[in-house]
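Protein chains in written order, with this note's numbering: chain A, 386 to 581; chain B, 386 to 581; chain C, 386 to 581; chain D, 386 to 581.
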């Protein structure tokens, strides 16, 4: 689908991600009390919000880098991108459900299922872009062995059953994965800088 | 209306479509239970959400291709575009009504009415662009016989009364039409590639 | 404020207008019944929604044309623009209040107050742009005598007290003003086309 | 992170700010009465909305100017920006809580906490940009002694405990700080104009 430019794909994705990240805050319902203690029941929702905010930030950041290496998008890339946005659009729901139930086992596991599906969707999108760029794919070089991209789904997969043992194990895994991504990814950066 | 650039029309449409696709997820109300069974009543809403997400994705995709062939927009094109966005903006409402009532006949029929009106609005927008491009219209060549664009409204039209016989017939039609659009449209692509 | 480019002003305004136009649809609450009659109580809300959708469309259209004539924006223009967006952001509120109360006198009058304030804010923004462009202002030539811009606030002003006589008079005025704006404004267009 | 362009950072920030500014209006719940008196209980929410609207407008304005001086963004700048957006995303919550409780002490103090944290986040973002631009940083020259940026957090810090003496002191401080920012900031402007 040669003529499709990536600009509008980026603009649309930015719009959806901006809305997702902001809509999550609507789960922070204004409390009825006027004391500081009225905020206490909101703490789990608030900490879930922080976690999901960081995750959407990571996705936005990586998405930006990934699309930077590509120029034209095919129909396959477009739908792989919508597939990713679909799973990310469920973040406000799973964030709210996990937070409002104080990290109960099932909501915590379902939160991990959506994280896992988003990671898989991201991987598919990455493969679709590399497939289009051909064997000399700039993105393929940039991501290299892609250990973060391969480790994350494995960890999410482990976090899902762990929630039924102890939800805090899952929660620890979610935070750990977020942290390994927060460390700036110098791979794509370096490859691209070399090119310039 | 010579001076109007299409960029802002695209940006505004992207914004509206991004909000529509994301706002629909708000109908997925966070359940009160903490068991997996608490998600069961949400399944019809969730499957309606998937269907509408795919439809908005298709509209965004086709809209993108259609505007790619044009450069300047007239006042008529602008209002034809707003008319299309109006019908698409009703998707969250009809999706929620159909999903929350487990595909009852009337909500399923009304869902089809909005699909039909959006298809008609899309057709009007397409004619407005072709009218402006003149007899050698690039878009006219690109869409060719436009069998998908002509078949879809007919099928929606059939799906509306069918909902009162059996809503699943209508639902099957809605899924079928989505699938014929999901197959990437190589017509516009080919015509434009030839040009380059 | 020489360096400020208008692109980001447009992008921000487009975002706000896209959200306003889409958020209004949230007032169309999904009904509990599954019969067609369940939609009947929504008809006033729905017709208010159409009216406001058209108004936001008109503002977006005119805003686009107005900014087309300018290149750099001053701090004054920026705040005049935010002032306009402020009044437009109240549309979802007044639309919902008027619609849910079946066009009762006070909500209908308040709807007119917000229309009036938005028209005044638009006029201020227009003057700020002309002031910056200087005596040879392209926009000043383009709008000419600006009879629509001057007539609209007068009509809104008349519609506000009329609501207490009969809300339908006000409603008729609101529709009438929308119609005179829907007729494409060939003035700016013509002036700009001459320039090219 | 050389290759990252600032355009998408701006677009994403614009999207988030546009949504925040518009979502706040959803706290203005449509009243049930149809008399003008039905609006009276909404007055505190409405005046909180105006205050927060102005603050988001100021942040958008300053953010625009700040990014104007930079070209490429590093990973650190990106996360400093997301950190700022995080605190701004809490505005709808604190605005609603303060407004619905008629400026009770605790909600008024918490409103100040979020203002303070946003100011700190803005300062961090500013330092991150200057650090990247190096000793000759254009932004460093542009902001000069940055007395507004240094005074604001001090005033917010004073406003937080004051809320427990009398919330109106805090409210007065919030309005005062907004006013000193509303006065157009000619520093960056002048520095940049000199460059041209």
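We put the CB at the ideal spot given by N, CA and C, even for glycine. Predicted, not measured: the structure shown is a model, and the values here were computed from it.
Item: What does the alpha-carbon distance come out to for the pair residue 528/B and residue 504/B?; Value: 15 Å
Item: Could you tell me the boundaries of the alpha helix (DSSP H) in which residue 531/A lies?; Value: Careful: residue 531/A lies outside any alpha helix (DSSP H) and carries neither H nor E.
Item: If contacts are defined as beta-carbon pairs under 8 Å, then residue 412/B and residue 477/B qualify, I think. What distance do you get, rounded to the angstrom?; Value: 7 Å
Item: If you draw a straight line from the C-alpha of residue 541/B to the C-alpha of residue 511/B, how long is it?; Value: 19 Å
Item: Which residues, in chain order, does the stretch 465–489 of chain A contribute to contact with chain B at a C-beta distance below 8 Å?; Value: 467, 470, 471, 474, 475, 477, 478, 481, 482, 485, 486 and 489
Item: Can you tell me the Cβ-Cβ gap for residue 553/D and residue 443/D, rounded? I've got them flagged as a contact below 8 Å.; Value: Rounded, the Cβ-Cβ distance is 22 Å, inconsistent with contact.
Item: Check residue 588/D in the structure and name its three-state DSSP category.; Value: A question about residue 588/D goes unanswered here, because the residues of chain D that appear run from 386 up to 581.
Item: Residue 449/C by DSSP, collapsed to three states: which one?; Value: helix
Item: If you run the structure through DSSP and keep just helix, strand and coil, what is residue 390/D?; Value: strand
Item: Starting from residue 560/B, follow the alpha helix (DSSP H) in both directions and report where the run begins and ends.; Value: 552–567
Item: With DSSP run on the structure shown, which of helix, strand or coil describes residue 417/C?; Value: coil
Item: Which residues in the same chain have their Cβ closer than 8 Å to the Cβ of residue 534/B, if we skip the five residues on either side of it in sequence?; Value: 504, 507, 508, 511 and 528
Item: Could you name the residues of chain D that residue 396/C contacts, counting a contact when the two beta carbons are closer than 7 Å?; Value: 396 and 399
Item: Residues in the same chain with beta-carbon distance under 8 Å from residue 438/A, minus the five sequence neighbours each way, listed in chain order, please.; Value: 406 and 409
Item: Give a yes or no on whether 7 Å exceeds the smallest Cβ distance from residue 404/D to chain A.; Value: yes
Item: Looking at chain C, which residues of the stretch 490–522 of chain B have a Cβ within less than 9 Å of any of its Cβ atoms?; Value: 490, 491, 492, 494 and 495
Item: Per DSSP, residue 457/C is paired with what?; Value: 390/C
Item: Check whether the Cβ atoms of residue 537/B and residue 544/B lie closer than 7 Å to each other.; Value: no
Item: Is DSSP giving residue 519/B helix, strand or coil here?; Value: coil
Item: Which residues of chain B have a Cβ atom closer than 9 Å to the Cβ of residue 408/A, listed in chain order?; Value: 407, 408, 410 and 411
Item: Give the single residue among 426/A, 558/A and 390/A whose Cα lies nearest to the Cα of residue 501/A.; Value: 558/A
Item: Check the Cβ of residue 636/A against every Cβ in chain D and list those closer than 7 Å, keeping chain order.; Value: Here chain A covers residues 386 to 581 and nothing more, so residue 636/A does not appear.
Item: Excluding the 5 residues flanking residue 482/A on each side, which residues of the same chain have their C-beta closer than 8 Å to its C-beta?; Value: 492, 495 and 496
Item: With residue 447/D and residue 463/C assumed to form a contact (beta carbons below 8 Å), what rounded beta-carbon distance in angstroms separates them?; Value: Wrong, their Cβ atoms sit about 11 Å apart, outside the cutoff.
Item: Among the residues of its own chain, which have a CB less than 8 Å from the CB of residue 563/C, if the five just before and after it don't count?; Value: 436, 439, 440 and 443
Item: Given residue 465/C, which residues of its chain have a CB within under 6 Å of its CB, disregarding the five upstream and five downstream residues?; Value: 509, 510 and 513
Item: How would you call residue 516/C, buried or exposed, if buried means at least 16 neighbouring beta carbons within 10 angstroms?; Value: exposed
Item: Nearest to residue 471/C by CA position, among 561/C, 391/C, 499/C and 430/C, is which residue?; Value: 499/C
Item: Whole-angstrom Cβ separation of residue 548/B and residue 396/A, contact assumed at under 8 Å?; Value: The pair is not a contact, with the Cβ atoms about 36 Å apart (cut-off 8 Å).
Item: In three-state terms, what does DSSP make of residue 536/D?; Value: helix
Item: Within this structure, are the beta carbons of residue 391/D and residue 467/D separated by less than 7 Å?; Value: no
Item: Alpha carbon to alpha carbon, what distance is there between residue 474/A and residue 560/B?; Value: 21 Å
Item: Which class does residue 475/D belong to by DSSP, given the choice of helix, strand or coil?; Value: coil
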